[in-house]
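The structure appears right after this line, and notes come after that.
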Amino acid sequence: MVANVWIIQIMARTMASYVPFGMEPGLCTKQGNLYSMHVANLTFWAVQMMDSSSTGISGLLSGNRYDFGHMDQCANISVPEYNIYGRYFVVNLKFKLNNGQFVEKLETIYRKPNHNSSVWEEFKPTKDLRINPTNEINWAICVPASCTSEDVKYSLMSKLMPALESNDIIGNLTILDKYTYSKIDPPIKQPAGYYLFLFFTVGLITAVVLVTLYDMLCGDSIIVDRRKWYYKFSMVKNMETLIKSEKTEEFRAISGMKVLSMFFIILGHRMMCSLFSPMVNLRESELVIGDFIQTYLKNGAIIVDTFFIITGFLTYYKILTDIDKHQPVNVYILMVRRWIRLVPAYAFMMGFVVYIAPQLDSGPFGRGVMWQSACKQYWWTNLLFINNYVYPSKQCLIPSWYIAADLQLYALCSILGYVLYKARKAGLILLGIVSILLIIIPGIVVFHGHNDAVILMYHRNFDYYLNNTRFLKIYFPAHTRAAPYVIGMSSAYVYYLIKKNGIKLTNFQAWLLVLPMTILINASILGSWVFYIPGREYILWEHVLYSIVHRIGWAVPIICVIILDATIGFGPLRNTAGLRIFQFLNGLSYGALLVHTPLQFYVAGLGRSPIYYTPFILLWMSLGDIFMTYLIALALYLFVEAPMLVLQDLLPKFSYMYIS
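By the working numbering, the letter at position 168 of the sequence shown is numbered 1032, and the numbering carries on one by one without gaps.
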């Protein structure tokens, strides 16, 4: 027997006459009966409660699995004379036919059912990784607040399950507690950390405002020394620092490269937010995943390597120039300064996510996208910068893994620089050995675990990726992400020799270099397209080789851009990536890295209904993200990041004590 009633019809009939009641006679049952009576009389509050619930989902065959009803309308229901208030629930139903149709041989590639075939053909499982199962419905129910999730589940199953079983449909119903909400629930008691964070924030803002006013009134006086430590709190002084031209024009294009890369990272995370959110056209967006041009988006995560390359290049080159000036390489000083540079703004954003973000207005999605609980419990792994190895699935912020890997690789660079300082030949040999090892390690990891060469961005939820062992072993660890960093370090030595020997390319030679580098950088991205071809067999050695080669293919053109700009001031670079506006925005890059994902997740959390996803909407929203991100990053810089650099002024004193 095949079900001859469409499941949405069954659901609509059930919800049209649904009345909640408790597992035991009590207040829920009593108020449910009142609700039923007043619905029959078309009483405003009762119809408002019914109107807040979903009566049937639309677009299931296009991949839409969610109908969130009207959460705000439900939460605002208040009937004091009956002591009735609204409580919002989201119910999940997974279903399948009870006739063996779902145990047939799985198809390798999804094919849309013929227009004359049974609708149930759409719900056959498939091995196609692009496709999410659609035999699932999530819908909202608004009931009196006296009803618990157990009451709702019991009363709904009592009515819905017999209707499903009579049509030979097996259903598994659960209540998604993370969405449950009522305004009469007692507020969560705020921990001491909440008040400490507010006290620190207010104190910091007050200090910045007072010092800024003092600087504006007295800063031009000849008796005022603006080198005093407290001037680090002046917005005037910090803005002067931010907009001031760089001391040297040598690496002018690097600022533009970093800012443009950050723009693309923000766009990529906006796409990620969309992929992890309910959408009405899920099937449509799934079926284009294997398209060749889509690879630019799906493999766009490689843009992060640009930051590793640049940091490795600049750090090692700075060490080389310091050695030439007979300045010692002190690993302790380098590491402490780096830690002080990263921690204040990072800790502030962690505090915001833990204590403030949960207090902000949120829709149904907001209870599913906020990750403050992980940060609350595992903050210490982030401040020790070991979170990409210890509890890697419990990240505080989306970029937390990157910040940890950056500091770990900075430590490696400092140690190799120290060896170079002590023994130049040994330092260069060690750099070569370490570079070769770290370049091939991703291939070894892929080979050992039969992993994918890159993270294949299918439409899965956020929890799927953070609990995917392949994702945690390939994407987060520093040793699998170090290749671009050590390539940057090695290239710094190459540039050091080029500069020392006065070697320069002509503009014609530079243009000849542009074509192969353009081909190489595009090949490094588009090469992953073959892994997205539906039904294609997994070939281990392809993944091993690509995991090694594609990072080299990205790093080499980036290094060529840096060296061309530094040696000959290559015109197209100076006139684009070298613009002054990028030097200003580059000063906000770290803040932008920290704030953009909480901003995006907050906006996603405000959603009350599934989104419609297209590349144009993605671009449109990303432009808004970029504007708001840099605006908030400026505030973070002026009120937290720059003032807290005062801690670096204390470093020489502690360093003296340490050395003594």
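Each residue gets a CB set at the ideal place from its N, CA and C atoms; glycine is no exception.
Could you tell me which residues DSSP puts in a beta bridge with residue i?
| i | result |
| --- | --- |
| Lys1182 | Answer is none; Lys1182 lacks a bridge partner. |
| Met1143 | Ile1475 |
| Ser942 | Tyr949 |
| Thr972 | Beta-bridge pairing links Thr972 to no other residue. |
| Asp931 | Trp1003 |
| Thr990 | Glu971 |
| Tyr1253 | The partner list for Tyr1253 (beta bridge, DSSP) is empty, contrary to what the question assumes. |
| Tyr1045 | Tyr952 |
Taking the beta strand (DSSP E) that residue i belongs to, which residues open and close that run?
| i | result |
| --- | --- |
| Thr1038 | 1033-1039 |
| Arg1472 | From DSSP, Arg1472 is part of no beta strand (DSSP E); its letter is neither H nor E. |
| Trp1003 | 1000-1008 |
| Phe959 | 948-961 |
Roughly how far, in whole angstroms, is the beta-carbon of residue i from the beta-carbon of residue j, given that I think they are within contact range, below 8 Å?
| i | j | result |
| --- | --- | --- |
| Ile1129 | Ile1351 | The Cβ separation is near 20 Å, so there is no contact. |
| Gly927 | Ile872 | Incorrect: roughly 14 Å between the Cβ atoms, too far for contact. |
| Ala1004 | Met914 | Incorrect: roughly 12 Å between the Cβ atoms, too far for contact. |
| Ser1141 | Phe1229 | 6 Å |
| Gly1164 | Gly1215 | The pair is not a contact, with the Cβ atoms about 30 Å apart (cut-off 8 Å). |
| Ala1347 | Ile1303 | 5 Å |
| Ile1385 | Gly1417 | 7 Å |
| Ile1034 | Asn962 | 5 Å |
| Val1504 | Ala1209 | 5 Å |
| Thr1159 | Tyr1396 | 7 Å |
| Leu1024 | Thr893 | Not quite, the Cβ-Cβ distance comes to about 18 Å (not below 8 Å), so this is no contact. |
| Thr1170 | Ile1383 | Not quite, the Cβ-Cβ distance comes to about 18 Å (not below 8 Å), so this is no contact. |
| Ala1499 | Lys1096 | That pair is no contact at about 16 Å. |
| Tyr1219 | Phe1061 | 5 Å |
| Ile1166 | His1414 | 7 Å |
Quick one: give me the first and last residue of the alpha helix (DSSP H) that residue i is part of.
| i | result |
| --- | --- |
| Gly1488 | 1479-1500 |
| Phe1446 | 1444-1450 |
| Pro1026 | 1013-1029 |
| Ser1355 | 1347-1364 |
| Leu900 | According to the sequence as given, residue 900 is Ser; it is not Leu. Ser900 -> alpha helix (DSSP H) spans 891-904. |
| Phe1097 | Element bounds for Phe1097: n/a, residue is neither H nor E. |
| Leu925 | Here Leu925 belongs to no alpha helix (DSSP H), and DSSP marks it neither H nor E. |
| Ser916 | 908-916 |
| Val1073 | 1056-1082 |
| Tyr1160 | 1159-1162 |
| Ile872 | 871-880 |
Determine whether the Cβ of residue i lies closer than 7 Å to any Cβ atom of chain D.
| i | result |
| --- | --- |
| Asn1365 | The displayed structure is made up of one protein chain only, and chain D is not part of it. |
Alpha helix (DSSP H) segments (min. 4 residues) lying fully within the region 1286-1340: Entirely contained in the region 1286-1340, the alpha helix (DSSP H) runs reaching 4 residues are, in chain order, 1288-1313, 1326-1330, 1333-1338.
Whole runs of the alpha helix (DSSP H) within the region 1370-1437, excluding any shorter than 4 residues: Along the region 1370-1437, the alpha helix (DSSP H) occurs as fully enclosed runs of 4 or more residues at 1371-1390, 1404-1432, listed in sequence order.
Inter-stretch contact (C-beta, 8 Å, three-pair minimum) for the region 1448-1467 and the region 1246-1265: Contact annotation: the region 1448-1467 touches the region 1246-1265, with at least three C-beta pairs closer than 8 Å.
Contact between the region 1418-1433 and the region 1116-1129 (3+ Cβ pairs under 8 Å): Judged by Cβ distances under 8 Å, the region 1418-1433 makes contact with the region 1116-1129, as three or more pairs qualify.
The region 1400-1415 touching the region 1290-1300, judged by at least three CB pairs closer than 8 Å: No, because fewer than three Cβ pairs between the region 1400-1415 and the region 1290-1300 fall closer than 8 Å, the two stretches do not touch.
The region 1340-1356 touching the region 1177-1186, judged by at least three CB pairs closer than 8 Å: They touch, by the three-pair rule.
Given 8 Å, three or more beta-carbon pairs between the region 870-888 and the region 1016-1025: Contact between the region 870-888 and the region 1016-1025 is present: 3 or more CB-CB pairs across the two stretches fall below 8 Å.
The region 1238-1252 in contact with the region 943-955 per 3-pair CB rule at 8 Å: The answer is no - the region 943-955 does not touch the region 1238-1252, with fewer than three Cβ pairs under 8 Å.
The region 1332-1342 / the region 1385-1403 touching (three or more Cβ pairs under 8 Å): No: the two stretches stay apart, fewer than three of their Cβ pairs being nearer than 8 Å.
Entirely enclosed alpha helix (DSSP H) segments - the region 1194-1251, minimum 4 residues: Counting only runs of 4 or more, we get 1195-1215, 1230-1233, 1236-1247.
The region 1490-1507 touching the region 1441-1457, judged by at least three CB pairs closer than 8 Å: These segments touch.
Stretch pair the region 1376-1384 + the region 1194-1205: three plus CB contacts closer than 8 Å: These segments do not touch.
Contact the region 1437-1454 vs the region 1096-1103: 3+ CB pairs below 8 Å: The region 1437-1454 vs the region 1096-1103: no contact.
Any 3 or more C-beta pairs closer than 8 Å across the region 1029-1044 and the region 948-955: By the Cβ rule, the region 1029-1044 counts as touching the region 948-955, because three or more pairs are nearer than 8 Å.
Validate contact between the region 987-996 and the region 1316-1324 using beta carbons, cut 8 Å, 3 pairs: Contact holds between the region 987-996 and the region 1316-1324, because three or more Cβ pairs, one in each stretch, are under 8 Å apart.
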